Amino acid sequence: MDLGFVQELGPESFGFSTDVLTRESCPTPDLSQLLQITRQLHSSLDPRTVFACYGKVLGQYLPLLGLQGLFPELQLSWGKRLGTAFERHLGLEDMEDARLQYHWQRPLSPRELSLLIELEGLLSQPLVNAIRYFRMSEQAMFDSLTGLGNRHYYGQCFKQALARTSRHHDDLSLVILDLDNFKQLNDAYGHQFGDAVLRQFGTMLKQVIRNTDQAFRIGGDEFVVLVRGDVASVAILCERILDRMASEGFFARNQIRTSIGAAQLRAGENQDQVYERADRALYQAKAAGRNCYRLELAA
238 MDLGFVQELG PESFGFSTDV LTRESCPTPD LSQLLQITRQ LHSSLDPRTV FACYGKVLGQ
298 YLPLLGLQGL FPELQLSWGK RLGTAFERHL GLEDMEDARL QYHWQRPLSP RELSLLIELE
358 GLLSQPLVNA IRYFRMSEQA MFDSLTGLGN RHYYGQCFKQ ALARTSRHHD DLSLVILDLD
418 NFKQLNDAYG HQFGDAVLRQ FGTMLKQVIR NTDQAFRIGG DEFVVLVRGD VASVAILCER
478 ILDRMASEGF FARNQIRTSI GAAQLRAGEN QDQVYERADR ALYQAKAAGR NCYRLELAA
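The sequence shown begins at 238 in our numbering and counts up by one.
Structure representation (structure tokens):
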């Protein structure tokens, strides 16, 4: 069954005023441009990239200020939340609550309304594909952008590490890393630059951790490392990461920094408890001015 947007053609559904009948004709893409738009939308399986591409395309032909995509598992955003707003519910299989929120400079003319319907139709399938891939990636072991383990795999590995620690009485520590001011970087330079930062950071983590340690990207710009060792081992790793960030050209040139919090597992603790303490240490690092690390010491 083909998937697509439910087309609701009432004027009010599109912020269209029936008084707007003499508007100058909007630029209309020809067949070759429509094919190019379709190729662009299908060129990525990252929902953010597909959505940003759609926003940019609409902005070329229509008076669009901003666009939000509201889906059960994620929220996507492009542009500014200004101007005339209206919301569209999408008739997508297994995404009943999915909807788009548009922000226009002004009401649409009839010609612009027709063009919006045409361009919306190009978005549906690549966006469905990207969101389905996003769902599968969430359940797979590795993050497609960085090559690190993902949140699901992190949970599995923590359970294994906890069992090993209990059997052999080894030390186990958790490190949480958060890129400083990443949202501002992403907003200023775009998602492609943001993705490049995440990839470079993931590559750096793989290079600086020991073979016995494991690094994961668990969401957005949040990374964790499972360290087989105590806080002394963690401190060495944190220093190595900060030194690498300060000296490596890409990070130094773009002033990209990270804050780090870490905690050593206490006897009887579970995954959530040690994470909470490491996260508390991370916020202490941020409060201390960022670009540093803090340790939550074991009792």
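Each residue gets a CB set at the ideal place from its N, CA and C atoms; glycine is no exception. If you're wondering where the values come from, they're calculated on a predicted model, not measured in any experiment.
Query, Result
"Of the listed residues I497, G466, V464, nearest to D194 (C-alpha basis)", "A question about residue 194 goes unanswered here, because the residues of the chain that appear run from 238 up to 536."
"DSSP-derived helix/strand/coil call for T402", "helix"
"Closest Cα partner of F430 within the set R401, V462, L411, L382", "L382"
"Nearest-angstrom Cβ-Cβ length linking R514 and Q521, presumed shorter than 8 angstroms", "Actually they are not in contact, since the Cβ atoms of R514 and Q521 sit about 11 angstroms apart, beyond 8 angstroms."
"Pair within 8 angstroms by beta-carbon distance, E459 and I493", "no"
"Run of the beta strand (DSSP E) containing D415, from where it starts to where it stops", "410-416"
"Beta carbon of G306 nearer than 8 angstroms to that of F323", "no"
"G505 versus T402 - alpha carbon distance", "11 angstroms"
"Proximity to L353 [Cα-Cα], best of M373, L399, P300", "P300"
"Q277 versus L327: straight-line alpha-carbon distance, rounded", "21 angstroms"
"Buried/exposed call for N423, threshold 16 Cβ in 10 Å", "buried"
"Sequence-distant residues of the same chain with beta carbon closer than 7 angstroms to S269, five excluded per side", "none"
"Interface flag, R494 vs chain C, CB-CB below 8 angstroms", "No chain C is part of this structure, which consists of one protein chain only."
"Reference A483; option with closest CA among C529, V471, Q508", "C529"
"Opening and closing residue of the beta strand (DSSP E) in which T495 lies", "495-501"
"Residues near V511 by beta carbon distance below 6 angstroms, same chain, minus five either side", "L411, A500, L502"
"Within 8 angstroms, strictly: CB atoms of L416 and V445", "no"
"Those residues which DSSP pairs with R454 across a bridge", "F460"
"Start and end residues, beta strand (DSSP E) containing F430", "That residue, F430, is in no beta strand (DSSP E); its alpha helix (DSSP H) goes 428-445."
"CB contact flag (V461, I455, <8 angstroms)", "yes"
"M441 versus G303: straight-line alpha-carbon distance, rounded", "34 angstroms"
"heavy atom of the ligand GTP below 7 angstroms from H279 C-beta", "The ligand GTP is absent from the structure shown, which contains no ligands of any kind."
"Three-way DSSP call (helix, strand, coil) for T321 in this model", "strand"
"Cβ neighbour criterion (16 or more within 10 Å) applied to P347", "exposed"
"Simplified DSSP assignment, three categories, for Q397", "helix"
"Host beta strand (DSSP E) of S314 (start-end)", "312-316"
"Backbone CA spacing between A469 and I368 [nearest angstrom]", "42 angstroms"
"Cβ-based neighbour list, K317, same chain, cut-off 8 angstroms, excluding 5 preceding and 5 following", "L302, G303, H340"
"Integer Cβ distance of I201 from T495, believed to fall under 8 angstroms", "Because the chain is modelled from 238 through 536, residue 201 falls outside the range shown and cannot be assessed."
"Own chain partners of L385 with C-beta closer than 6 angstroms, once the 5 adjacent residues on each side are dropped", "G439, A452, F453, R454"
"With 16 other Cβ atoms within 10 Å as the buried cut-off, status of T286", "buried"
"Limits of the alpha helix (DSSP H) - the one that L353 falls within", "347-376"
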